[in-house]
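K.L.:
Dropping the structure in here first, questions after.
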Amino acid sequence: MPAPRDTSVIVRAARLYYEQGRSQTEVAAELELSRSNVSRILTQARDRGIVEITIHDPDGPPRRDEALEVALRSAFSLREVHVVSAPRTPGIVAVAREGAAVISERAAQVSSIGISWGQTVQSVVTELEAQHLRPTPRVLPLVGGHSSLDQFDSGESVVRVLASRLGARAETLYAPAVLESATTVSTLRAESSIGSVLEAAAQVELAVVGIGSLGVHSSPKVLDLMALSDAERAAFEAQDPVGDVCGRFIDAHGIPLGAPTDQRVLAVTFSELLRIPEVLGVAAGVERAPGVLGVLRSGVIDTAVFDTDLARELLARA
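With our numbering applied, the sequence shown covers 126 to 443.
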C-alpha cells in the first residue's frame, strides 16, 4: 500500500472510483495494486478530507442559509428569517416545508391563527403534518373566499385544511374576498356574521400570509375580480403598485395604496395586520422580488420564509 504521504496515488484512485465510476477491481488493475489496497486507499481519501461524501435527501428538511438570513434580518429589521433550499427541489417546495415547520412550532404556543390565500400558502398547508393540540387554537380566515384563490383541487378551502391538520374547527367567512363594488364591501362588513369573523381575525396571535407581486400568480386575478373601470385602473397604476398582501396593494416604498383597490377587498385591513403579534410571510421565486421588497419595507412582516434565489434577489435590489 502506498505511504500516507503519497497523495497523488490517493487522488488518482479517488477520481477513478468516485468520478469515473470504476469498480475497486478496475481501479486496482489500473494502478497495479491489490483490491484490498485500493479499499484502504479510498478509506484514507475520506479520512484525510480528500473525498467528502454528501447525501442529498430530496424528502429531508430544507437546508438553511445563515448568511442570507442575517443579511435579510439586518436589511429589513425582521424578527426572524428562514432562507431555505433543498437538493433537486423547487424553491416553493422548500419554502412550503419550512413554513409548515414554523407553523407546527408556533401552533402549540398561540391561541389563534389567521391565514390568507395563494399558491405558496396552499403549499405550506399541504406540507403541514397532522397534530392533535390541546387546547386547539382558533383558526380564522384573514380574507374572504374565492374558488380560484383559496381552494384546493378537492374544493376544500385553505382555512379548513389548516384547521383539520391542527385538529381544530375552522371559522368561516361566508363572503367573497374581492368585489366589484366598494359599497358592497361596506355593506357586507356591517353584517354581524361577517364583521365578527373579521374582527376576530384582526386579533389573532399568528397570521400566515402569502406575498404577491404585481402581474404574477394571484395578483392579476385579484385585479380582474375588482372589475376596475379605465379611470380606476389608471388611478391604481398611478400609485406605482408593486405587491400585495391579503389582497391589499403596496407601493415600492412599502406604503399601502388607497382607493380604488383598497375599498374592493373584504379582509383584515393593513393597519390591523400591523397590530398582529406575529405575521409570518412566505414567498418563493425571483419573479416575486419586486412585490416582496415593497411588502418587507412596509414593516408588516415579522417572520419570513424565502427560498435562496428570492433571498439573493431581494438583497441585490435592496
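All C-beta atoms, glycine included, are put in the ideal place defined by N, C-alpha and C.
Remember, it's a predicted structure, so these values are computed and weren't measured experimentally.
On the CB-based measure, 16 or more other CB atoms within 10 Å of its CB, does His-342 come out buried or exposed?
P.N.:
By the 10 Å Cβ count, His-342 comes out buried.
K.L.:
Exposed or buried, what is Arg-389 when buried is set at 16 or more other beta-carbons lying within 10 Å of its beta-carbon?
P.N.:
buried
K.L.:
Quick one: what does DSSP say Ile-336 is sitting in, helix, strand or coil?
P.N.:
coil
K.L.:
If you measure between the beta carbons of Val-264 and Gly-243, is that distance less than 9 Å?
P.N.:
Not in contact: Val-264 and Gly-243 (Cβ atoms no closer than 9 Å).
K.L.:
Start and end of the alpha helix (DSSP H) containing Asp-349?
P.N.:
343 to 351
K.L.:
So, is Ser-202 buried or exposed, given that buried needs 16 or more other C-beta atoms within 10 angstroms?
P.N.:
exposed
K.L.:
Is Leu-258 closer than 9 Å to Leu-448 when the C-beta atoms are compared?
P.N.:
Because the chain in this structure spans residues 126 to 443, residue 448 falls outside the shown range and cannot be described.
K.L.:
Is Ala-429 helix, strand or coil when you go by DSSP?
P.N.:
strand
K.L.:
What is the rounded straight-line gap between the Cα of Thr-309 and the Cα of Glu-252?
P.N.:
36 Å
K.L.:
Where does Arg-130 fall in DSSP's three states?
P.N.:
With a pLDDT of only 47 at Arg-130, under the threshold of 50, the placement of this residue in the model should not be trusted; the figure read from the coordinates follows. In the structure shown, Arg-130 sits in coil (DSSP, three-state: anything other than H, G, I, E or B).
K.L.:
By Cβ distance below 8 Å, which residues in the same chain neighbour Pro-415 in space, the five residues on each side in sequence not counted?
P.N.:
Cβ neighbours of Pro-415 beyond the five flanking positions: Ser-338, Leu-339, Val-367, Gly-368, Ala-377 and Arg-442.
K.L.:
Buried or exposed: which applies to Arg-294, given that a residue is buried once 16 or more other Cβ atoms fall within 10 Å of its Cβ?
P.N.:
exposed
K.L.:
Would you grab the beta carbon distance between Val-246 and Thr-433 for me? Rounded to a whole angstrom, and I think it's under 8 Å.
P.N.:
About 20 Å separates the two Cβ atoms, so there is no contact after all.
K.L.:
Short check: CB of Val-430 to CB of Glu-223, under 9 Å?
P.N.:
In this structure, Glu-223 lies closer than 9 Å to Val-430 by Cβ.
K.L.:
Looking at the unbroken alpha helix (DSSP H) that takes in Asp-172, where does it start and where does it end?
P.N.:
Following the DSSP letters along the chain, one finds Asp-172 inside the alpha helix (DSSP H) bounded by residues 160 to 172.
K.L.:
Rounded to a whole number of angstroms, what is the C-alpha to C-alpha distance between Glu-281 and Ala-255?
P.N.:
16 Å
K.L.:
Within the continuous beta strand (DSSP E) that includes Gly-216, where are the two ends?
P.N.:
No beta strand (DSSP E) holds Gly-216; the alpha helix (DSSP H) holding it covers 216 to 232.
K.L.:
Can you confirm whether the stretch 164 to 179 touches the stretch 135 to 148 when touching is taken to mean that 3 or more C-beta pairs between the two stretches lie within less than 8 Å?
P.N.:
yes
K.L.:
Take the Cβ of Gly-406 as the centre, count every other Cβ of all protein chains shown within 10 Å, and call the residue buried at 16 or more, exposed below.
P.N.:
Classification for Gly-406: buried.
K.L.:
Mind pulling the alpha helix (DSSP H) runs of 4 or more residues that sit fully within the stretch 350 to 405?
P.N.:
355 to 362 and 395 to 400
K.L.:
Taking the alpha-carbon positions, what's the Gly-383 to Val-370 distance?
P.N.:
14 Å
K.L.:
Determine the contact status of Thr-150 and Arg-160, defining contact as a CB-CB distance below 9 Å.
P.N.:
yes
K.L.:
Is the beta carbon of Ser-241 sitting closer than 9 Å to the one on Val-322?
P.N.:
Pairing Ser-241 with Val-322 gives a Cβ-Cβ distance that is not under 9 Å.
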